[in-house]
Amino acid sequence: MWLTLLLCSILAFVAATPLHELWDVIAVKHSWSDIPRGWSYDSTPPGNHIYGQHLTKEEAEELVSSNLGTVDTVKNWLTFHGIDASRITHRKGGGDWLIVRVTVTEAEQLLDTEYHVYRHEPSGETIVRTLSYSLPQILHQHVDMIAPTTYFGTLRTMRRTSFLQPEIIRPLDEVGSLADPVIDPLAADIPLSCTLNVTPACLRSLYNSTNYVPRSTHQNQLGIAGYLDEYANDADLQTFLAMFRSDAKNFTVPTIQVNGGGNDQNNPGIEANLDVQYASAISYPTPNIYYSTGGSPPFTPDSVTPNNTNEPYLEWLTYMLSQPTIPQVITTSYGDDEQTVPEDYARRVCQTFAQMGARGITLFFSSGDSGSVHLSPI
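See the structure below:
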């Protein structure tokens, strides 16, 4: 059934060019995948004996480092097939990764498969992938996943700046007259604009932080994750702050480019601007950092989500975990449909996110407004 759904919208129309280059990412298994998650849980509750004892970069890496023999086994397999060591990059950050530059011919020999160019009919987009691959039995205990292989790929944001206001019908009391509305006294200071639009003033009122002045701004940072060629425009930020947070005039948010992510100031992104502008207006004067991450992750198309709308979480995560210091709070406004994420990819991402928690990082994600299966809005 899965293959039938796949071929309904994605068709192989030509064999991949033998010399076409691929960047294969090999996730090397590590032995202690559950420890970071456990440490993340245990160091969070105030009553726990290790509350607040978060791991350093070096301590987290030590927990998830692969056995040297495991890494060497995978490298030896590559060199046996003629892959020169100069084309193999051993990268750490959330575990051990081998990044290998290979041609289609070499990938087919390594994985005992055939690559084709697949076209997504509705959009016309093409991608080089295979429908199956295999590894030698000896590697099964050493490799979590390899990409790109059987996963196909396009992205969905979760922005929402206004509410849909249905016609309001006031309730009738038992004698048929209009009943008095119930007013929450705590909502008395919330701007009327909250009923129509979500502004920084509205959010600050809802969180009762209008008069709050952040402390320790020399120590704290807020990170904002960005994907899919979404760029935050500096001039637009100044215009937004002038309108909605005038005391934050000249507040700037630097962009850090990850995995080939860009920063095109002539091509502002709606999602990037929304994220950076609202985060700045709410958190000022706490320093903000925007992470522009390039690349596309593995993807399993289905009848609901035929295009790759997932984010390259692993590329961003491995970069972040390789840094000695990370913003204490990071926000992400992108979301995935769970059924489109391959299980091996999802497991490795979850293990890596757990390492962020073990290092004391708080992560905010979009709420999933479309429901758990993206069919019945909630």
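Residues -16 to -1, 1 to 362 (mature numbering (1 follows the signal peptide of the UniProt record, and there is no 0)) make up the sequence shown, in order.
Note that CB positions come from ideal geometry on N, CA and C, so glycine has one too.
Note that the structure is predicted; figures quoted are calculated from it, not measured.
Straight-line gap, residue i to residue j (C-alpha atoms, nearest Å)
i: Gly341; j: Ser24; result: 5 Å
i: Tyr215; j: Asn257; result: 7 Å
i: Ala(-1); j: Leu52; result: 35 Å
i: Asp56; j: Ala44; result: 22 Å
i: Thr236; j: Leu221; result: 8 Å
i: Ala69; j: Trp81; result: 14 Å
i: Gln205; j: Gly66; result: 46 Å
i: Leu176; j: Val84; result: 56 Å
i: Leu212; j: Asn181; result: 26 Å
i: Ile314; j: Met304; result: 11 Å
i: Leu119; j: His126; result: 11 Å
i: Pro198; j: Asp259; result: 19 Å
i: Pro2; j: Leu94; result: 14 Å
i: Gly77; j: Pro30; result: 28 Å
i: Ala37; j: Phe348; result: In the sequence under discussion, the amino acid at residue 37 is Gln, which differs from the Ala named in the question. Roughly 21 Å between the two C-alpha positions.
i: Asn234; j: Asn192; result: 25 Å
i: Glu46; j: Tyr196; result: 39 Å
i: Cys334; j: Arg343; result: 14 Å
i: Tyr262; j: Pro184; result: 6 Å
i: Asn32; j: Ile122; result: 41 Å
i: Glu92; j: Tyr297; result: 26 Å
i: Gln203; j: Thr28; result: 20 Å
i: Arg71; j: Ser230; result: 52 Å
i: Tyr117; j: Tyr268; result: 50 Å
i: Arg332; j: Ala226; result: 42 Å
i: Trp61; j: Leu39; result: 34 Å
i: Thr239; j: Glu255; result: 15 Å
i: Val48; j: Pro132; result: 23 Å
i: Ala219; j: Cys186; result: 23 Å
i: Val86; j: Thr270; result: 44 Å
i: Tyr35; j: Ala330; result: 28 Å
i: Glu90; j: Thr73; result: 17 Å
i: Thr145; j: Ile130; result: Low per-residue confidence applies at Thr145: pLDDT is 41, beneath 50, and the placement is therefore not dependable, though the value from the model is reported in the following sentence. Whole-angstrom Cα-Cα distance: 38 Å.
i: Val58; j: Glu105; result: 37 Å
Per DSSP, cross-strand counterpart(s) of residue i
i: Asp8; result: Val84
i: Thr223; result: Bridge partners of Thr223: none, in fact.
i: Ile273; result: Gly207
i: Ala(-2); result: His100
i: Ile345; result: BP columns for Ile345 are empty, so no partner.
i: Val112; result: Val101
i: Asn32; result: Asn32 pairs with nothing; no bridge assigned.
i: Gln241; result: Ser276
i: Val313; result: Leu206, Thr346
i: Tyr215; result: Pro252
Whole-number beta carbon distance between residue j and residue i, since they are thought to touch under 8 Å
i: Ile345; j: Gln307; result: Their Cβ separation, rounded to whole angstroms, is 11 Å, which puts Ile345 and Gln307 out of contact at 8 Å.
i: Thr134; j: Thr114; result: 6 Å
i: residue 422; j: Ser351; result: An answer regarding residue 422 cannot be provided, because it is not within the stretch -16 to 362 covered by the chain.
i: Arg75; j: Thr302; result: 7 Å
i: Thr128; j: Ala11; result: Note that residue 128 is Asp in the sequence shown, not Thr. Yes, they are in contact, since the Cβ atoms of Asp128 and Ala11 sit about 4 Å apart, within 8 Å.
The alpha helix (DSSP H) enclosing residue i, as first and last residue numbers
i: Asn234; result: Here Asn234 belongs to no alpha helix (DSSP H), and DSSP marks it neither H nor E.
i: Val55; result: 52 to 64
i: Ala44; result: 41 to 48
i: Leu258; result: 254 to 267
Contact under 8 Å by Cβ, residue i with residue j
i: Ala232; j: Ser200; result: no
i: Lys13; j: Thr54; result: yes
i: Gln241; j: Asn250; result: no
i: Gly319; j: Tyr275; result: no
i: Asn243; j: Glu327; result: no
i: His100; j: Val9; result: no
i: Leu6; j: Val88; result: yes
i: Thr336; j: Gly79; result: yes
i: Ile208; j: Ile266; result: no
i: Gly245; j: Gly278; result: yes
i: Thr179; j: Arg188; result: no
First through last residue of the beta strand (DSSP E) which encompasses residue i
i: Val127; result: 127 to 131
i: Leu298; result: Not the beta strand (DSSP E): Leu298 falls in the alpha helix (DSSP H), residues 297 to 305.
i: Leu123; result: Unbroken run through Leu123: none, as it is neither H nor E.
i: Arg75; result: 72 to 76
Residue i Cβ short of 7 Å to the ligand MG heavy atom set
i: Leu47; result: Questions concerning the ligand MG fall outside what the structure shown contains, since it holds no ligand whatsoever.
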